[in-house]
Amino acid sequence: MFKQGFLWVIRFIVGGLFIFSGLIKVNDPVGTAIKLEEYFDVFSNDIAGFFYYFKPIALELGVFLVVLEVVLGIMLILGVKSRFTVWALSLMILFFTFLTFYSAYFNKVTDCGCFGDAIKLTPWESFYKDLILLVLISILFLFQMDLPKTSPNWAKGLTLVALVMSLVLAVLAIRNLPFIDFRAYKVGVNIPRNMQPSSPLLYSYVMKKDGELQTFDQYPADESLEFVEMNLKNPDALPKISDFAVWNADGDYSEEIFTGNKLLILVSSMAKMSDSNLDRIDQLVQSLTGSPVQPVFVAAASEEEIRNFIKSRGWDILSLQADATVVKTMIRSNPGILVLKVGTVLGKYHHNNTPEPGEILDLYMK
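The following block contains the structure:
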């Protein structure tokens with residue numbers, strides 16, 4: 001009885017964590033794909049060149065992995081095909097543990113994306129989390145003969161429902177936007193405020209004297225002390241946004257973007273940009289001309305690419321450049337639309353949901 005109870009607790013903990021992690025990422029499969037692309041870039045340079053060929057299918061792989069996490073977690077808790085489930089979880093956690101160790105040890109990908117943007121873990125925290133899961137799953141692997149041999153039909157049916165629902169939610173999140181936005185550019189956020197520390201940053205100073213280390217809250221005036229390092233005491237106060245910038249040949253326009261009413265048309269990659277709704281964006285730009293809302297085109301592209309594109313669309317609007325990572329963080333759509341009022345995000349739209357001009361103007365009336 002004790003062994004069965006002990007194994008049940010482990011099944012519940014491991015299964016619950018996989019379900020929680022998977023659901024958070026089902027909410028934002030595009031974010032998972034972006035993280036996989038980072039890993040593929042690193043591995044193609046450091047380990048083997050063939051990893052580069054996985055980049056074009058990063059989104060499909062991301063959907064497969066996040067749905068698999070949810071389904072395996074449910075199967076483990078319900079005892080559905082226990083031996084298969086434990087084997088699959090063992091292979092997954094070995095893979096994840098390798099990723100997080102590589103990231104932590106070589107400082108390559110500083111955020112594993114284990115819990116999407118909802119819970120940020122340092123590389124070493126991610127590795128230790130996976131190490132604990134590896135130990136727990138190893139226990140299940142060793143005692144798999146004591147796990148349920150069969151499961152009721154309702155458990156199998158619930159697993160199938162979870163599979164279908166997870167897949168449907170992932171597709172909906174891709175074709176629209178994440179259901180819950182955990183990023184620093186979510187609706188209601190004031191971007192320039194998020195670019196400032198939430199409170200004064202506090203540091204401690206480690207000094208050395210006669211071979212002994214001493215820590216001070218203020219930088220000491222004693223010149224006989226040798227400086228070793230400075231540590232931030234309240235990292236939670238760091239700005240949530242540290243890399244926002246937009247510019248063109250005339251200079252930096254970051255501050256200009258935070259004035260008045262702006263509608264940003266965001267493109268993270270000209271080569272991968274969808275053209276399926278560009279005609280609706282054309283109409284939106286034309287309709288807003290002369291209105292209190294200024295359309296602005298922001299793309300991670302060269303000046304020439306941007307110039308040629310807006311000319312081909314017949315847009316006479318301000319065009320700016322930005323970093324691709326920043327644009328992808330701002331919106332999970334290419335192209336996407338972000339509505340600002342004095343730097344505050346009023347609305348975000350996937351190009352599949354390109355709004356009517358009246359809908360944009362209504363945002364400013366609320």
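In the UniProt record's numbering, the protein residues as written are 1 to 366. Yeah, the Cβ is synthetic: ideal placement off N, Cα and C, and Gly gets one too.
- Residue 8 carries a helical assignment under DSSP once its states are collapsed to helix, strand and coil.
- Judged by their CB atoms, residue 339 and residue 298 are not nearer to each other than the 8 angstroms cut-off.
- For residue 204, the three-state secondary structure derived from DSSP is strand.
- In the structure shown, the three-state DSSP call for residue 227 is strand.
- DSSP places residue 155 in the helix class (H, G or I) of the three-state scheme.
- As the crow flies, the alpha-carbon of residue 154 is around 22 angstroms from that of residue 144.
- For residue 291, the closest of 357, 244, 315 by C-alpha to C-alpha distance is 357.
- For residue 62, the uninterrupted alpha helix (DSSP H) segment begins and ends at 58 to 78.
- In the three-state scheme derived from DSSP, where H, G and I count as helix and E and B as strand, residue 126 is classed as helix.
- Taking the Cα of residue 86 as reference, the smallest distance to any Cα among 302, 309, 135 is reached at 135.
- Note that the C-beta distance between residue 77 and residue 127 is not below 8 angstroms.
- Among the bridge pairs identified by DSSP, residue 321 is matched with 247, 299.
- With contacts defined by Cβ atoms closer than 8 angstroms, residue 232 and residue 203 form a contacting pair.
- Its chain contains 3, 4, 7 as the residues whose beta carbon lies nearer than 8 angstroms to that of residue 146, once the 5 sequence neighbours on both sides are disregarded; these appear in chain order.
- Boundaries of the alpha helix (DSSP H) harbouring residue 39: 29 to 46, taken from the DSSP string.
- When the Cα atoms are used, residue 265 and residue 229 turn out to be separated by approximately 43 angstroms.
- Excluding its 5 nearest sequence neighbours in each direction, residue 281 has C-beta neighbours in its own chain below 6 angstroms: 354, listed in chain order.
- The criterion of a C-beta distance shorter than 8 angstroms is satisfied by residue 331 and residue 348.
- Among the bridge pairs identified by DSSP, residue 216 is matched with 205.
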